[in-house]
């Protein structure tokens, strides 16, 4: 999440249990997907497809790693609760959508939203430097706990980052949107159903100024999961696959940016009534074929407020990422040709050049 935090994903209650959904945006989208999307019938598996399935499985984090993240969240909430009035806390982001990639490393981040009481902490919603003061207060409280004496704790635009030896926790303080005066409302939106921030939250934004930015984590969660379910988990699977590609090739594309481009790809298929490839091999090749255009255009938009998520990349960085994507596309096409010629092992070697040595 880092300097470009987006409050999205599955949410968990303050007691740590997964919050119940009432349907809402996800159900509406699910109904639309059921009516509009055309998915190819399943085809017999082959050796290359089995390799892809193994690779996809390896990109998931383990249950033990997931528990570690959840436990750390509980510790953080316990510390902050000693001095702050917390109404709710939510695990959000890629960790809860199944798009966080494993194995975990120091830069792997899980996101925790801490919903504060506006009545008790109104100074942060009214002060000119309220967003920054709020972040700094959370940072100091964590740093003062002896359990974090050896942990790097920093403020990064709209989160407080805690760097553990094996992953990073990013804490996003928030207030209920309706309780923050003059909170910025995200612009745009694909319909009135998805643009009402009043039932969402306001998070700090210290990038180039001081403000509270409206966001709604539950709506994107519902929308993402509905589309993922319609494609038997392939939205989250392709997202992890492409995040790993980005990591292995140092593309410079942020995690959420890549996820958004994958989501946009599936959404575009639905809108055009086009079939989505059923196999991971064909799906990856088809998506990567579109990736250079997506990078150059820089128009990836998150689906709730229809806002661009590529603003953190310069034109030069997008151009370099597009170049790497084009090279990957050529290699995937070459692997397809080798496979069709019966040269399966050579095809796998070519795919390793794209997906890394762990692709078997």
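In this note's numbering, the protein residues as written are 48 to 407.
From the three backbone atoms N, C-alpha and C, an ideal C-beta is built for every residue, glycine too.
As the structure is a computational prediction, the values presented were derived from the model and not from experiment.
>> Let's see if you can read the secondary structure: which residues bound the beta strand (DSSP E) around residue 217?
In response: 215 to 223
> How about residue 206 and residue 183: are their beta carbons less than 9 angstroms apart?
Replying inline: no
> With 16 as the cutoff for other CB atoms within 10 Å, does residue 361 come out buried or exposed?
Replying inline: exposed
> By the 10 Å Cβ neighbour count, where 16 or more other Cβ atoms means buried, how is residue 261 classified, buried or exposed?
Replying inline: buried
>> With DSSP as the reference, identify every bridge partner of residue 248, one or two as the case may be.
In response: 223 and 262
>> For residue 476 and residue 307, what's the separation of their Cα atoms in angstroms?
In response: With the chain covering only 48 through 407, there is no way to say anything about residue 476.
>> My output table needs one value for residue 108: the three-state DSSP class, helix, strand or coil.
In response: coil
>> Please tell me whether residue 158 and residue 141 are closer than 9 angstroms, where the distance is taken between their beta carbons.
In response: yes
> By Cβ distance below 8 angstroms, which residues in the same chain neighbour residue 407 in space, the five residues on each side in sequence not counted?
Replying inline: 98, 101, 102 and 395
> Leaving out the 5 sequence neighbours to the left and right, which residues in its chain are closer than 8 angstroms to residue 330 when beta-carbon positions are compared?
Replying inline: 281, 285, 323 and 324
> Terminal residues of the continuous alpha helix (DSSP H) containing residue 157?
Replying inline: Not the alpha helix (DSSP H): residue 157 falls in the beta strand (DSSP E), residues 156 to 163.
>> Could you pull the DSSP bridge partners for residue 136 from this structure?
In response: 161
> If we count the other Cβ atoms within 10 Å of its Cβ and call it buried at 16 or more, is residue 263 buried or exposed?
Replying inline: buried
> Which residues in the same chain have their Cβ closer than 7 angstroms to the Cβ of residue 188, if we skip the five residues on either side of it in sequence?
Replying inline: 126, 127 and 130
> Just checking my contact of residue 334 with residue 356 at CB under 8 angstroms: how many whole Å lie between their CB atoms?
Replying inline: About 17 angstroms; that fails the 8 angstroms criterion.
>> Going by DSSP in three states, residue 201 sits in which element: helix, strand or coil?
In response: Strand.
>> Assess contact between the region 170 to 179 and the region 144 to 159, defined as three or more Cβ pairs (one per stretch) separated by less than 8 angstroms. Is contact present?
In response: no
> Looking at the unbroken beta strand (DSSP E) that takes in residue 209, where does it start and where does it end?
Replying inline: 206 to 210
>> Could you tell me the alpha carbon to alpha carbon distance between residue 397 and residue 296, rounded to whole angstroms?
In response: 15 angstroms
>> Quick check: residue 300 and residue 342, are their CB atoms within less than 9 angstroms of each other?
In response: Against a cut-off of 9 angstroms, the Cβ pair of residue 342 and residue 300 comes out as a contact.
> I think residue 302 touches residue 336, with their Cβ atoms under 8 angstroms apart; what is that distance to the nearest whole Å?
Replying inline: Contact doesn't hold; Cβ gap of about 22 angstroms is too wide.
> Can you name the start and end residues of the alpha helix (DSSP H) that residue 406 belongs to?
Replying inline: In the DSSP assignment, residue 406 falls outside any alpha helix (DSSP H), carrying neither H nor E.
>> Using the three-state DSSP reduction, which class does residue 152 fall into: helix, strand or coil?
In response: coil
>> Please report the distance separating the alpha-carbon of residue 274 from that of residue 196.
In response: 43 angstroms
> So what does residue 348 bridge to, in DSSP terms?
Replying inline: 355
> Sorted by chain position, which residues of the same chain lie with C-beta nearer than 7 angstroms to residue 185's C-beta, five sequence neighbours on each side aside?
Replying inline: 127, 207, 218 and 220
> For residue 346, which of 117, 304 and 179 has the nearest alpha-carbon?
Replying inline: 304
>> Give me the residue from 312, 115 and 367 with the minimum Cα distance to residue 151.
In response: 115
>> Here's a check: name, in chain order, each residue in its chain whose Cβ is nearer than 7 angstroms to the Cβ of residue 313, leaving out the five neighbours to either side.
In response: 274, 278, 282 and 323
> Does any C-beta atom of chain B lie closer than 9 angstroms to the C-beta of residue 317?
Replying inline: Given the protein chain composition of this structure (a single chain), no chain B is represented.
>> Is it buried or exposed, residue 272, if we count other Cβ atoms within 10 angstroms and call 16 or more buried?
In response: buried
>> Distance check for residue 229 and residue 373, CA to CA, integer angstroms please.
In response: 44 angstroms
> Where residue 250 and residue 135 are concerned, what is the direct C-alpha to C-alpha distance, given to the nearest angstrom?
Replying inline: 14 angstroms
>> For the ligand COA, is there any heavy atom lying closer than 8 angstroms to the beta carbon of residue 166?
In response: Summarising the ligand content, the structure contains no ligands, and the ligand COA is consequently not present.
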